[in-house]
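Every position in the sequence shown, counted from 1, becomes a number in my numbering once 15 is added.
Contents: one structure, followed by commentary.
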Amino acid sequence: MAYELKDLTEVMEARSAGGVPSPDLLDGVRRRVRRGNRLRAAAAATGVVLAAGTVIGVVQQLDGPGGPSRWQEGSAVTGAVNRAFPESRSVEGLKPVTERRFSWYGMLTRITFTPTGPYTRFTTYCSKAATSFEVVDGDLAQADCAGAQYMLTTPGVPTTVQIAVLPVDEARQFTMTDDPTGLGRFLAGRRPERGNWSVRVYSGPCKSANCKLMRRTAPEPQPPLTGLTRLGEATGAADGRRRAVPLNTPAKALRIKVTCVDGAAHAVVRVAGRTKVVECEAAESKGVVWDTEAGGGADTVEVAVLPAEVPEVRGTGDAALAKAMKGVKPAGKWTLEVYAR
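Next comes the structure, spelled out in structure tokens:
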């Protein structure tokens, strides 16, 4: 009996739906949680890896003579739509939203869908051993084909995900980075090749172990800035240099926001002799906001920002910052805003 991709992926999803990550796999699950609003589910944590080999060579059957007519053809970038997919069964409580099929490896594709719930899951299935690279909210992640990615989404608000699939050997030649422009340059230097793959998107409420873990990594609400008086602002490059930001009025109660983009990652902020290290990369353009007290009043806030290439901040003095930046190129930009509370 001949099996289609639909049959085999349903078996895989049935096995993975009840999977519970074991403690020794949690580090792998968390490794792609870089922006606080999505989670890479490690394939081994859900049992998908055990069934991944059964997918090889299956997608190609969809193009055979007398193949299913459910596919509505689209462009090479947006893919062909499976019109019957929304009627298929749910996975982890998530309802099917859309399935797209593509015929090229090495091309950056675009999938826009409207989530039906606060959680969204998408999974790629490939005709041969391959790696999937995904651009979500301006960040780049990767997974083996048949690995699932989970996102926190807003119901009714269209969401776009960009995906490029590369054969495993070619994927190894790409140096992984959080910046999607690096993937664009890599793809521009190679020619796309024929190869079939598809992506399935599910959305809705979710109570699985994966979604529970994602809730724990979701960002906490931040203090508002509306109605506050801004006392000072500065921008700069993430080069580890300390800068003094003068305030136009001395203040004791401050609310500070630091925003890091394009690779800026660690902000060292000093107010009235007290230093705080802020991991600002995860919040990206949303920024990190916090309150602080300046004792007798502050008229200056000092800030130094280091790029993501520096793995951690081990000291906050000038000498320690200079040591951390040794051999590291500045990367990314930051903005510091100071408000009176």
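Glycine is no exception: its CB is placed at the ideal position from the N, C-alpha and C atoms.
Distance check between T135 and each of V106, R116 and A158 places V106 closest, using alpha-carbon atoms only. For P261, the three-state secondary structure derived from DSSP is strand. Annotation: R356 is outside any alpha helix (DSSP H) and is labelled neither H nor E by DSSP.
Partner residues in the beta bridge of R215, as assigned by DSSP, are E114 and T138. Of the residues T174, E296 and Q157, the one whose Cα lies closest to the Cα of V276 is E296.
For K301, the closest C-alpha among the options A268, A337, A346 and T350 is that of T350. Listed in chain order, the non-local C-beta contacts of G310 below 6 Å within the same chain comprise A287, local neighbours out to five positions each way being set aside. By the neighbour-count criterion, in which a residue is buried when 16 or more other Cβ atoms sit within 10 angstroms of its Cβ, T174 is buried. Excluding residues up to 5 positions away in sequence, P322 and E324 lie with their Cβ nearer than 8 Å to the Cβ of K344 in the same chain. Where V183 is concerned, the enclosing alpha helix (DSSP H) starts and stops at V183 to A186. Taken through DSSP and simplified to helix, strand or coil, L240 comes out as coil.
The Cβ atoms of T124 and F117 sit closer than 7 Å to each other. A direct Cα-Cα distance of roughly 55 Å separates K267 from L181. Judged by their CB atoms, T192 and C160 are not nearer to each other than the 7 Å cut-off. In the three-state reduction of the DSSP assignment, L123 falls in the coil class.
DSSP places T307 inside the beta strand (DSSP E), whose first and last residues are V303 to P322. Its Cα nearest to that of L246, the residue I271 stands out among I271, A252, T168 and K338.
F100 is bridged by DSSP to nothing; it lacks a bridge partner. Sequence-distant partners of R285 (beyond 5 residues in either direction) whose C-beta falls short of 6 Å from its own C-beta, in its chain, are E317. In this structure, G278 lies away from L202, with their beta-carbon atoms at least 7 Å apart. V260 is not a Cβ neighbour of F137, given a cutoff of 7 Å. Taking A186 as reference, the option from G153, K143 and G171 with the minimal CA-CA separation is K143. Taking the C-beta atoms as reference points, V183 is found no nearer than 7 Å to E149. Ranked by Cα distance from T244, the first of L262, R205, V112 and L109 is L262. Put simply, the backbone Cα of C221 is about 46 Å away from that of A337. Beta bridge pairing from DSSP links R289 with V286. In this structure, the CA atom of A252 is about 29 Å from the CA atom of G204. Nearest C-alpha to V320 among W305, G153, R289 and T274: T274.
When the alpha-carbon of G162 is set against those of V214, R209, V112 and L198, the nearest one is in V214.
The beta-bridge partner set that DSSP reports for V151 consists of D154. For the set I178, E114, V303 and R104, the Cα lying nearest the Cα of V96 is the one of E114. Sorting H281, T264 and L269 by C-alpha distance to the C-alpha of D254 places H281 at the top.
In terms of Cβ geometry, P130 and T168 form a close pair [threshold 7 Å].
In terms of Cβ geometry, P101 and L155 do not form a close pair [threshold 7 Å]. Counting along the chain, no alpha helix (DSSP H) covers L109, and no H or E run does either. For K341, the secondary structure class from DSSP, reduced to helix, strand or coil, is coil.
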